[in-house]
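The structure appears right after this line, and notes come after that.
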RNA sequence: UGGCGGAUCGUCUAAUGGUAGGACUACGCCCUUUGGAGGCGUCUGUAGAGGUUCGACUCCUCUUCCGCCAGCCA
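In the numbering used here, the protein residues as written are 50 to 615.
Following this line, the structure appears as structure tokens:
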């Protein structure tokens with residue numbers, strides 16, 4: 050349906066990172082090269098916070114005519130999986146970015162990293178520690194108390210080399226030894242207290258199989274990986290700021306290319322959680338239906354929900370880049386998708402909760418085909434024909450037997466316009482005798498008021514959407530709301546975040562009636578259901594026989610606001 | 001109370017010694033055959049106290065508050 054799914058926006062706003070790059074370019078640093086990278090660990094699906102980082106890194110590369118690599122930080126085989134690398138690649142592509150042939154893995158560098166480690170041992174800057182993990186922990190000290198030197202810290206270079214070789218050769222069990230850098234056990238920066246470089250892990254790696262049984266720690270792998278790839282600007286989140294002195298030290302001791310690390314504040318959204326660990330819990334506990342559940346803040350979740358790549362890119366642009374902690378209001382994300390879909394989506398009429406109307410003075414066998422505009426924001430999208438007949442459905446919410454103040458819709462004796470059709474008047478209310486529920490309305494129409502040729506000058510306050518009963522097609526509609534009912538689900542230290550799940554986060558409607566235009570809707574197609582919101586065909590569960598639509602986002606609803614404030 | 005980093009409308013984000021601006025939200029009004037969209041407008045902000053200066057969000061001093069760091073996770 051959309052042909053321009055993956056075009057780039059222009060007019061990007063500057064930020065402190067771009068200013069640093071501007072200065073570097075002015076000073077002709079790195080031969081005026083700009084090379085970034087996006088370095089996910091394949092241990093979960095990408096979320097909207099990653100989208101910010103992707104847009105930042107790939108966006109900078111594009112705008113400065115540089116390059117951006119995709120590099121998987123796959124240094125921990127026990128958490129990682131190819132399922133995740135595939136989903137990550139799909140998500141980045143869908144967002145509209147291209148790493149060309151630069152798909153790299155930290156595991157590509159395991160041999161080089163091993164050589165670097167040997168070099169550090171030879172320089173007397175690394176040693177094998179044979180303490181247990183508890184002992185190491187206890188000797189580390191606290192932020193205010195210096196750590197103690199490991200009894201193994203004084204081992205000779207020869208002995209270190211010997212044991213490290215045997216570690217690699219698989220002669221020890223998990224946890225028997227680690228390789229540590231000999232840095233500073235009394236540093237006030239905990240990251241510098243002889244950080245571990247290698248641990249023994251007899252685990253199958255999704256790329257290197259069983260070639261290795263020692264795996265580098267992130268802190269040992271990351272900076273050198275950047276260096277090997279010639280990354281000029283290594284952009285990461287704030288929590289790695291404390292690690293930068295370590296990365297700089299490794300680079301200096303190894304005498305290799307020095308990428309500049311720049312830290313920015315990660316994205317947080319209210320009414321959701323953003324850590325992969327917590328999202329994994331929601332998946333594993335069955336609270337949501339997988340990583341791509343439309344309620345998840347994952348890229349695949351938003352995609353299935355009906356968000357466009359453009360809307361997410363535009364959102365990433367709007368939130369900005371800075372160093373202070375932030376919590377973005379989800380309404381900004383919702384604004385971004387409405388803004389995009391308003392311009393491009395096909396309009397259509399769909400009755401979510403049907404109420405039958407019989408137009409008593411309309412001929413029983415007559416069917417009129419009425420002209421409807423496909424998108425008032427874009428004339429080139431043309432028009433379509435919608436069938437109209439004696440029996441139609443309107444939305445239950447569009448009728449009130451005793452109208453509230455400012456209720457402009459249908460009520461007994463009142464007139465409203467049917468979109469693209471006639472003005473009707475409610476003459477009679479039919480109720481279920483046992484429950485008192487309104488089950489049908491008997492109305493009359495004014496033949497002179499046909500849309501487009503109405504010369505009666507009649508003015509009505511409300512316009513309703515509708516579908517012709519006989520021609521209507523059925524569909525399942527999934528109404529999504531925010532996943533959590535609390536703005537900050539992690540804010541209460543006493544209660545588990547999962548207890549704040551919004552019970553209304555998913556409501557399924559089975560009796561919805563759609564205009565026949567929708568019968569050919571394809572997986573992923575997006576529409577505006579007039580007066581309701583934006584919906585898309587579910588990519589997993591929808592079939593031509595059983596259409597399933599997901600509500601991406603509601604339209605802004607000023608009537609709901611009036612009700613809420615009264 | 002060790003180190004590092006932060007603090008500008010309700011929420012984000014600009015202003016880099018010279019008119020505190022934009023976006024979202026909220027609230028009005030106009031318009032409307034989507035109570036949509038659009039248009040116009042309003043509210044609200046430099047954490048506090050001193051100092052330097054003709055002039056301070058910006059520079060200096062002190063204070064307060066917030067985040068991160070004690071994984072063989074990333």
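All C-beta atoms, glycine included, are put in the ideal place defined by N, C-alpha and C.
By the DSSP assignment, the alpha helix (DSSP H) with residue i in it spans what residues?
| i | result |
| --- | --- |
| residue 102 | 97 to 112 |
| residue 142 | 131 to 144 |
| residue 578 | That residue, residue 578, is in no alpha helix (DSSP H); its beta strand (DSSP E) goes 575 to 578. |
| residue 322 | Premise fails: residue 322 is in no alpha helix (DSSP H) and is neither H nor E. |
| residue 272 | 267 to 277 |
| residue 299 | 293 to 303 |
| residue 366 | 358 to 368 |
| residue 345 | Careful: residue 345 lies outside any alpha helix (DSSP H) and carries neither H nor E. |
| residue 175 | Run containing residue 175: none in the alpha helix (DSSP H); it sits in the beta strand (DSSP E), 175 to 178. |
| residue 544 | From DSSP, residue 544 is part of no alpha helix (DSSP H); its letter is neither H nor E. |
| residue 186 | 182 to 188 |
| residue 206 | 206 to 218 |
Could you check what DSSP says for residue i in three-state terms: helix, strand or coil?
| i | result |
| --- | --- |
| residue 509 | coil |
| residue 609 | helix |
| residue 225 | coil |
| residue 515 | strand |
| residue 62 | coil |
| residue 614 | helix |
| residue 54 | Low confidence applies to residue 54: its pLDDT is 33, below 50, so where it sits in the model is not reliable enough to give any reading. |
| residue 73 | helix |
| residue 124 | coil |
| residue 533 | strand |
| residue 337 | coil |
| residue 457 | coil |
| residue 193 | coil |
Using only alpha-carbon positions, find the residue among the options that is nearest to residue i.
| i | options | result |
| --- | --- | --- |
| residue 365 | 86, 96, 85 | 96 |
| residue 151 | 275, 184, 603, 61 | 275 |
| residue 98 | 228, 214, 154, 316 | 316 |
| residue 303 | 169, 100, 611 | 169 |
| residue 299 | 312, 354, 562, 231 | 231 |
| residue 206 | 386, 178, 451, 184 | 178 |
| residue 393 | 472, 400, 574 | 574 |
| residue 372 | 290, 450, 82, 176 | 290 |
| residue 389 | 504, 602, 405 | 602 |
| residue 529 | 136, 246, 309, 355 | 355 |
| residue 323 | 85, 580, 100 | 100 |
| residue 379 | 351, 516, 164 | 351 |
| residue 135 | 407, 256, 78 | 256 |
| residue 293 | 281, 309, 499 | 309 |
| residue 104 | 75, 369, 613, 473 | 369 |
| residue 224 | 326, 262, 239, 202 | 262 |
| residue 245 | 332, 219, 295, 283 | 295 |
| residue 557 | 401, 238, 336, 265 | 401 |
| residue 185 | 140, 509, 239 | 239 |
Which stretch, first to last residue, makes up the beta strand (DSSP E) that contains residue i?
| i | result |
| --- | --- |
| residue 601 | 597 to 603 |
| residue 397 | 395 to 397 |
| residue 523 | 522 to 529 |
| residue 158 | From DSSP, residue 158 is part of no beta strand (DSSP E); its letter is neither H nor E. |
| residue 473 | 472 to 480 |
| residue 248 | 245 to 249 |
What residues are listed by DSSP as bridge partners for residue i?
| i | result |
| --- | --- |
| residue 407 | 440, 491 |
| residue 309 | 282 |
| residue 258 | 254 |
| residue 39 | Since the first residue shown for the chain is 50 and the last is 615, residue 39 is missing from the structure and cannot be characterised. |
| residue 433 | 421 |
| residue 561 | 524 |
| residue 584 | 576, 600 |
| residue 467 | 513 |
| residue 165 | Answer by DSSP bridge pairing: none, since residue 165 is not bridged. |
| residue 264 | 248 |
| residue 152 | 119 |
| residue 451 | DSSP output for residue 451 lists no bridge partner at all. |
Kindly give me the distance between the Cβ atoms of residue i and residue j, rounded to whole angstroms, as I take these residues to be in contact under 8 Å.
| i | j | result |
| --- | --- | --- |
| residue 527 | residue 555 | 6 Å |
| residue 587 | residue 598 | 7 Å |
| residue 458 | residue 448 | 7 Å |
| residue 437 | residue 420 | Rounded, the Cβ-Cβ distance is 11 Å, inconsistent with contact. |
| residue 347 | residue 154 | Wrong, their Cβ atoms sit about 22 Å apart, outside the cutoff. |
| residue 566 | residue 468 | Actually they are not in contact, since the Cβ atoms of residue 566 and residue 468 sit about 14 Å apart, beyond 8 Å. |
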